[in-house]
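S.K.: My structure is below; once you've seen it, I'll send some questions.
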Amino acid sequence: MNLASLLSKERIDLSLSPGKKEDVIRTLVYSIKKGEDAELIVSTLLKREELGSTGIGKGIAIPHCRSLAVNKLEISVGRTTKPIQFKAIDKKPVSLIFLIIAPPHDPGNQYLITLGKIVQIAKEITKKNLVNKPTTHEEFITMINDIEKQLGKRK
Amino acid sequence: MLDVIAMHLKLLFDLDNLISDMDEPKYKEIGFKVDDEEHHALIRTRNDLLKKLPDDIAYVYERLKQRYRQAVAPVDNGFCFGCFQKLPTELLTRSKELTTCPNCGRILYFPEQ
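Sequence lines, in order, name chains A and B. When we follow the numbering used here, the leftmost residue of the first sequence carries the number 1, and every step to the right adds one. When we follow the numbering used here, the leftmost residue of the second sequence carries the number 1, and every step to the right adds one.
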């Protein structure tokens with residue numbers, strides 16, 4: 001599955017207001033779902049965060065969960081204008097957040113495959129110091145596409 | 001009241017999926033750290049949530065979970081996404097009620113459109 005194809009302009013916010021971890025997660029969820037379903041997703045994501053932060057270090061976090069509220073894999077991306085506390089593994093604040101919600105019924109385990117792929121891409125972004133580089137949605141999607149291609153060639 | 005039960009049921013189901021994902025070897029390979037104590041706390045939260053459900057619903061949920069791993073199935077395009085059988089039209093109009101699939105017995109969930 002091509003990650004760039006799962007990204008849409010409406011779900012990439014490169015000037016997200018900084019705030020509490022919970023508020024930032026809620027904002028990103030609401031770009032995918034509204035109302036009761038959105039709150040259900042937020043509750044599950046926050047429970048997941050209690051198990052251990054999804055802040056993977058070097059300024060990137062990947063909150064994720066499965067939820068009944070979606071019927072296909074949904075991704076939303078946000079970059080905060082100032083880094084926020086996310087209790088990341090390296091204890092450093094986070095500014096780039098990939099939020100992933102997958103449907104509960106996922107026979108091919110696409111969710112975990114995609115999650116693994118996003119972690120790989122995120123590590124490339126930090127390695128190449130690209131967190132703050134894209135300034136538009138288009139540039140962001142192109143960056144993801146390029147990294148995916150490079151990772152594909154290495155295999 | 002039904003709304004509260006449905007909300008507890010949905011959250012319980014999502015938490016059960018979260019718990020089972022944490023136990024997946026593939027998930028551990030990705031490299032996310034999971035705190036063991038918090039994992040146990042999550043299981044306690046899930047058990048507390050189960051106790052908040054009426055006994056008959058809690059019993060059905062647990063029985064379905066044992067049988068299928070996932071007790072709840074979303075409805076998409078008129079199909080039960082647990083057994084992929086077309087649901088009777090009459091049942092589709094009951095989206096606000098707690099209902100089960102007449103074929104597999106899973107509790108049906110109607111996502112907001």
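Ideal Cβ positions, reconstructed from N, Cα and C, are used throughout, including at glycine.
Do I43 of chain B and I19 of chain B have their CB atoms nearer than 8 Å?
M.R.: Judged by their CB atoms, I43 of chain B and I19 of chain B are nearer to each other than the 8 Å cut-off.
S.K.: Any idea if G152 of chain A is buried or exposed, counting beta-carbon neighbours within 10 angstroms, 16 or more meaning buried?
M.R.: exposed
S.K.: For a contact meaning CB atoms closer than 9 Å, what does H137 of chain A contact in chain B?
M.R.: Per Cβ cutoff of 9 Å: no residues; H137 of chain A is ~26 Å from chain B at best.
S.K.: If the cut-off is 8 Å on Cβ atoms, which residues from the segment 15-41 of chain B count as contacting chain A, listed in chain order?
M.R.: L15, N17, L18, D21, M22, E24, K26, Y27, E29, I30, G31, F32, K33, V34, D35, E38, H39, A41
S.K.: Under the rule that 16 or more other beta-carbon atoms within 10 Å means buried, what is R69 of chain B, buried or exposed?
M.R.: exposed
S.K.: From S17 of chain A to P83 of chain A, what does the alpha carbon distance come to, in whole angstroms?
M.R.: 10 Å
S.K.: Tell me which residues share the same chain as K63 of chain A and place their Cβ nearer than 6 Å to its Cβ, disregarding the 5 neighbours each side in the sequence.
M.R.: Here residue 63 of chain A is Pro; the residue named in the question, Lys, does not match the sequence. Excluding residues within five positions, the ones whose Cβ falls inside 6 Å are I25, L45, T54, L99.
S.K.: Among A:E22, A:L3, A:I32, which has the Cα closest to the Cα of E10 of chain A?
M.R.: A:I32
S.K.: Does P93 of chain A get closer than 8 Å to chain B when you measure Cβ to Cβ?
M.R.: no
S.K.: Could you check whether the segment 71-87 of chain A touches the segment 95-113 of chain A, counting it as contact only if at least three pairs of C-beta atoms, one from each stretch, sit closer than 8 Å?
M.R.: yes
S.K.: With 8 Å as the C-beta to C-beta threshold (strictly closer), list the residues of the segment 82-106 of chain B near chain A in chain order.
M.R.: G82
S.K.: Take M22 of chain B and list the residues in its own chain whose beta-carbon comes closer than 7 Å to its own, dropping the five residues that flank it on each side.
M.R.: If we look at M22 of chain B and ignore the five residues flanking it on each side, its Cβ neighbours are V34, H39.
S.K.: If we call anything under 8 Å between Cβ atoms a contact, is D14 of chain B one with L51 of chain A?
M.R.: no
S.K.: Within its chain, find whatever has a CB closer than 7 Å to the CB of C80 of chain B; leave out the 5 residues flanking it on each side and keep chain order.
M.R.: Only A73, L87, C101, N103, C104, R106, L108 meet the Cβ criterion.
S.K.: Going by the CB atoms, is the gap between P111 of chain B and D37 of chain A shorter than 8 Å?
M.R.: yes
S.K.: Give the range of the alpha helix (DSSP H) segment to which S43 of chain A is assigned.
M.R.: 35-51
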